[in-house]
Amino acid sequence: MPPRILRVDPHNPDEGAVRAAVAALAAGRLVILPTETVYGLCADPRNEAAMAALCTAKGRPEEKKCARLVAGLDPLLRAGAILCPTARALAARFWPGPLTLVLDTPGGPEGFRWPDHAVALAVLRAFGGPLVATSANRSGEAPALTAPDAVAALGDAVEVVLDSGPVPGGVPSAVVRIHDGQVEVLRAGAIPEAQIFGPIRNSS
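The sequence shown begins at 112 in the numbering used here and counts up one residue at a time.
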């Protein structure tokens, strides 16, 4: 069955569209949301069937983890993520924004990102918790910068698509791993590596 595509204002999304996305997520379905970087394929991380469906749609192994979108620091603290001074400095400088922090948690390393896009944030707040997210494209293909591109890539695997037009960024988020105070840039992405290390030097 084709997905339900709902047009939304990128700065002031319609509450009905947000509710439709949240209802689909709560039912274990997949949803495509815009962010400031690329369109994302999202699921409820507490729902094993939804997680399996996301991996199948994406064409990636289930053991390969996806980042979690959050709307603040509280979800990180609830997950037991270790927020050392370096992690806090990067979060203060780049969140909300195109930075994924891979932090140690009791269950192993997890990636977290606080997006800077009104639509994604509205859904996260209405859902009441983090969402697992990955770029809305098949594994190995280019990220989707428009909702039609995302639908063309993922098709009937998705229940709801919130279409806010072309995303402003077009480059995936930077991914930074922090372990025992050590920093590794896994992907520079939307933030140049020199900018990433600036806040770190200032925090030491």
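Cβ atoms here follow ideal geometry from the backbone N, Cα and C, with glycine treated the same way.
DSSP three-state call for residue i: helix, strand or coil?
i      : result
ALA198 : helix
CYS153 : strand
PRO220 : strand
VAL230 : helix
THR211 : strand
VAL133 : helix
PRO145 : strand
LEU165 : helix
LEU187 : helix
ARG171 : coil
ARG140 : coil
ALA203 : helix
ALA128 : helix
ARG192 : According to the sequence provided, residue 192 is Ala. The question's Arg does not apply to it. Three-state result, ALA192: coil.
Within 10 Å of its beta-carbon, does residue i have 16 or more other beta-carbons around it, so buried, or fewer, so exposed?
i      : result
ASP155 : buried
PRO113 : exposed
LEU188 : exposed
HIS228 : buried
GLU270 : buried
PRO217 : exposed
ASP267 : exposed
GLU159 : exposed
GLY151 : buried
PRO124 : buried
PRO196 : exposed
ALA305 : exposed
SER275 : buried
GLY251 : exposed
GLY191 : exposed
ARG66  : Past the edges of the chain, shown from 112 to 315, lies residue 66, and the structure says nothing about it.
GLY222 : buried
State the beta-bridge partners of residue i as determined by DSSP.
i      : result
ALA178 : ALA244
ILE116 : VAL272
Please check if any C-beta of chain B sits within less than 7 Å of the C-beta of residue i.
i      : result
ALA231 : Of the chains in the structure shown, none is chain B; there is only one protein chain.
**OP:** Flag this pair as touching only if the stretch 275-291 and the stretch 129-149 have three or more C-beta atom pairs under 8 Å; answer yes or no.
**Re:** yes
Original post:
Are three or more beta carbon pairs between the stretch 295-306 and the stretch 203-211 nearer than 8 Å?
Top reply: yes
Original post:
Where are the beta strand (DSSP E) runs, 3 residues long or more, that stay fully inside the stretch 247-310, in chain order?
Top reply: 271-274, 285-290, 293-298
Original post:
Would the stretch 169-189 and the stretch 125-141 be scored as touching if the rule is three or more Cβ pairs under 8 Å?
Top reply: no
Original post:
Taking one C-beta from the stretch 239-248 and one from the stretch 178-196 each time, how about it: are there three or more such pairs within less than 8 Å?
Top reply: yes
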